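Residue numbers (the working numbering), protein chains in the order written: chain F, 29 to 413; chain V, 29 to 413. Don't be surprised by glycine CBs; every beta carbon is placed ideally from N, CA and C. Note that the structure is predicted; figures quoted are calculated from it, not measured. Read the structure below first, then the notes.
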């Protein structure tokens, strides 16, 4: 049942281990890595309430000397000032170059702990123990670490690879349902952009189509969850190992993120969450691809059906509604969205599907994705007017 | 006459170019690297007074859009707060992932600019243009970047390699003589620890012995200076390319630094400069090696003669006096020095010479360098009592 996915990079290869119940085995997983004895376990107060004891006990049982540090929750605290607090704790607990920082939590905890580990003593050991679906299938893999600058997200950071990513699917039981669905958006994304090379691997998109429900962990079999996690991590690991520093191929992971990010940004990250934004972005990108006759309307519908099944959007037809939201997305202005994409986010391309399991990069210009098509799709979906 | 030294690393190879007058060619050197158009030139006010115009003009002539940022001089400003200022300037000038930060200055400017470049957008292009002898032969090569923590030097940082190190020996003309001599300490160090593999290369130690004077740039021929820079950079590049992240071999660069660093630290970095401390450290380490019969007294004397020739120390016999200092080093306590080395600096070894051009790592313990020997040497040299 447990899966182990190797991530092969020129300078630092590591493994993603996916195993139910593995949080209580954290210590023995770390013991295999030949690390120093000191561990600083970083999380937020909510997650510490649930999992601090099991993590600390397991580490101590394996002989590690453990210090813990809670960082306040949320993007608003993802700052250099919070990193300085981690440095102070590291100093107080006399961490050495051989010591390890462990991030137990979602993307924010992982990004910050990773950046602190990357920059303390010019880089100490770092281990990711993601607790949200989004962090498990996306943020914890690939070595992106960092914090926000007052004027922009993730402007400050480093590429820094963990020594291990340990995923315990059982911790998802305590994840709020809306966050579970948000993670499912990235899972569906992998289904659309990526097909495994090896025929022995399960076809993620097909598995998702066959699943009865995708909107709630309680209705997913342990087996399907394991498959979803394994395929998604394999997809991400495959892409990042071919393009660690995001010079080219890694761009395909941006599928759904171009319009998605513009919506998040224009609504000040307070209306839709990241997964919902990506879901809307995928619906929009899928429609653009159909208009450009890059894939078929039937394939577009298959994608959108998965997004509906995960209850990310009430329906993938216009107007897009998000079940969790009391209100609709505040009406956006098409020109603002286009300006956000091109001028502010400096995006000069879309990632668009050519079929289920394959995407390509298409320039934003008259020969590729024209501003006219973007405008059309935004208004047809009533994302903006 | 110009030398080009390749630094070969698994992920990022680059060149060290040593060429008289090359500062005025900075733009054309950068133009060959396929960088984006924006450059942020970072230095301190003193160096900007001397070299800002020539650097900026050269960059502009080559088509670069140049912004400049002066950071206040000295170790005391080597802080995360100063890095945040660089981030703000980067944002204000809309630097992109393809943009370049250029460090024009000594070690402090290089360390800080490098760390800002390493962590802005998870790493943008970085070029070193060292202006002190110490930075030319040591700090600018090897990818160590970072800032101080209020409680310790260089605790915060990253390994991040430059795209180019451009050395113009002519800028040394404006370097204060005491700083020139400090750099010469590291040059002598390379002579003691390293011999080129290729027989076609000049033997650095022998060249230094043959030089009439080493204490003042004005009395060095342009040819000897070029040889000194080339051999020193080759030595450093050879060592760091074999051990980028300082796991093993790179430790040999610490020759003279064990006792040297303890002295710097115990005198709060206000009595001797780094080069003088290293010179004292080499005299002490050389004496330890003689006592352990690792090399001969004759070889020890040859080393010390070079240190005297560079006027780093008034004489290498006891008591050690530094010509530049009005006062002697305040008397240190041997136990304090030993405690600083073992407990605070966590050093458990000495690098000791086995002959001119070769060193090895020797453990601090009864079978290697005993505390008794350290104590003896410290008191014999009247470094402490």
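{"Item": "Length of the line joining the Cα atoms of residue 209 of chain F and residue 265 of chain V", "Value": "51 Å"}
{"Item": "Extent of the continuous beta strand (DSSP E) run through residue 153 of chain F", "Value": "153-158"}
{"Item": "Three-state class that DSSP yields for residue 149 of chain V in the structure shown", "Value": "coil"}
{"Item": "Residue 129 of chain F (DSSP reduced to helix, strand or coil)", "Value": "strand"}
{"Item": "Nearest-angstrom beta carbon gap, residue 243 of chain F and residue 337 of chain F [assumed within contact, 8 Å]", "Value": "7 Å"}
{"Item": "Distance between residue 310 of chain V and residue 289 of chain V (C-alpha atoms, nearest Å)", "Value": "11 Å"}
{"Item": "Where residue 164 of chain F falls, given that 16 or more other Cβ within 10 Å makes a residue buried", "Value": "buried"}
{"Item": "Reduced DSSP category for residue 173 of chain F - H, G, I as helix; E, B as strand; rest coil", "Value": "strand"}
{"Item": "Entirely enclosed beta strand (DSSP E) segments - the stretch 305-393 of chain V, minimum 3 residues", "Value": "377-383 and 386-391"}
{"Item": "Rounded straight-line distance, which links the Cα of residue 331 of chain V to that of residue 228 of chain V", "Value": "Low confidence applies here, because residue 228 of chain V scores a pLDDT of 49, under 50, leaving its location unreliable; read the following figure in that light. When rounded, the distance between both Cα atoms is 23 Å."}
{"Item": "Residues near residue 50 of chain F by beta carbon distance below 8 Å, same chain, minus five either side", "Value": "30, 57, 194, 195 and 196"}
{"Item": "Residues bridged to residue 43 of chain F [DSSP beta-bridge criterion]", "Value": "F:34 and F:192"}
{"Item": "Residue 37 of chain V beta carbon less than 9 Å from that of residue 189 of chain V", "Value": "yes"}
{"Item": "Identity of the residue in V:395, V:377 and V:359 nearest residue 15 of chain V by Cα", "Value": "Outside the shown range of chain V, which is 29 to 413, sits residue 15 of chain V, and nothing can be said about it."}
{"Item": "Inter-residue spacing [alpha-carbon to alpha-carbon] between residue 279 of chain V and residue 140 of chain F", "Value": "30 Å"}
{"Item": "Partner residues on chain V for residue 187 of chain F, Cβ-Cβ distance less than 8 Å", "Value": "150 and 151"}
{"Item": "Of the residues F:402, F:362, F:385 and F:357, the one placed nearest residue 378 of chain F, counting alpha carbons only", "Value": "F:402"}
{"Item": "Chain V within 9 Å of residue 270 of chain F, Cβ atoms only", "Value": "no"}
{"Item": "Rounded Cβ spacing between residue 303 of chain F and residue 212 of chain F (contact assumed at less than 8 Å)", "Value": "7 Å"}
{"Item": "Neighbouring residues, chain F, relative to residue 183 of chain V (Cβ below 8 Å)", "Value": "115, 119, 148 and 149"}
{"Item": "Cutoff 9 Å: residue 112 of chain V Cβ touching any chain F Cβ", "Value": "yes"}
{"Item": "Residue range of the beta strand (DSSP E) that includes residue 247 of chain V", "Value": "Segment: none, residue 247 of chain V is in no beta strand (DSSP E) and carries neither H nor E."}
{"Item": "Neighbourhood of residue 233 of chain V by C-beta distance below 6 Å, restricted to the same chain and skipping five residues each side", "Value": "219 and 384"}
{"Item": "CB-CB length for residue 198 of chain F against residue 48 of chain F, believed under 8 Å", "Value": "5 Å"}
{"Item": "Burial state of residue 32 of chain V, where buried means 16 or more other Cβ atoms lie within 10 Å", "Value": "exposed"}
{"Item": "For residue 95 of chain F: DSSP bridge partner residues", "Value": "F:68"}
{"Item": "Contact with chain F by residue 228 of chain V, beta-carbon distance below 9 Å", "Value": "Low local confidence applies: a pLDDT of 49 at residue 228 of chain V is under 50, so the model's placement there is unreliable, and no value is given."}
{"Item": "Endpoints, the beta strand (DSSP E) within which residue 182 of chain F is located", "Value": "180-187"}
{"Item": "Residues of the stretch 162-182 of chain V with Cβ closer than 7 Å to any Cβ of chain F, in chain order", "Value": "172, 174, 177 and 179"}
{"Item": "Beta-bridge partners of residue 412 of chain V, as assigned by DSSP", "Value": "V:360"}
{"Item": "Proximity below 9 Å, CB of residue 106 of chain V to CB of residue 187 of chain V", "Value": "no"}
{"Item": "Endpoints, alpha helix (DSSP H) assigned at residue 221 of chain F", "Value": "205-221"}
{"Item": "Members of the stretch 86-114 of chain F that neighbour chain V once the beta carbon cut-off is set at 9 Å", "Value": "108, 111 and 112"}
{"Item": "Inter-residue Cα distance where the pair is residue 216 of chain F and residue 262 of chain V", "Value": "52 Å"}
{"Item": "Span of the alpha helix (DSSP H), counted from its first residue to its last, around residue 438 of chain V", "Value": "For chain V, the structure presents residues 29 to 413; residue 438 of chain V sits outside this window and is missing."}
{"Item": "Where residue 73 of chain F sits in the DSSP three-state scheme", "Value": "helix"}
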